[in-house]
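Reviewing the structure listed below.
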Amino acid sequence: MEIRLNGQQHQAPAGQRVAALVTLLTGRAIDAAGQACDGGRLGVAVALNAAIVPRSKWSDTELVDNDEVEIVTAVQGG
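For the sequence shown, our numbering assigns the number 130 to the initial residue and increments by one for each residue that follows.
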């Protein structure tokens with residue numbers, strides 16, 4: 130299926146969930162609560178079709194064709 134990821138077309142397997150997409154992009158496994166399995170901070174927020182997806186829903190939220198996903202990573206600045 131095709132989704133828009135951060136404004137770019139992206140191929141995703143049918144039935145992919147938000148948690149799997151975050152894992153793919155960050156290289157870090159995500160637990161059912163949306164936390165990194167290694168215990169570290171992710172510093173990531175996800176919006177699906179302009180609505181924030183709470184971390185607790187990442188494992189339950191299935192992507193569908195033509196979804197628009199924005200994944201934002203927090204960076205420290207000064």
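For every residue, glycine included, the Cβ atom is placed at its ideal position computed from N, Cα and C.
- For V173, the closest of M130, T190, G163 by C-alpha to C-alpha distance is G163.
- In the structure shown, A176 falls within a strand segment according to DSSP collapsed to helix, strand and coil.
- Around V201, the same chain offers A174 as residues with beta carbons nearer than 6 Å, after the five sequence neighbours per side are excluded.
- Taking all protein chains in view, the Cβ of D167 is surrounded by fewer than 16 other Cβ atoms within 10 Å, so the residue is classified as exposed.
- L192 places its beta carbon 8 Å or farther from that of R157.
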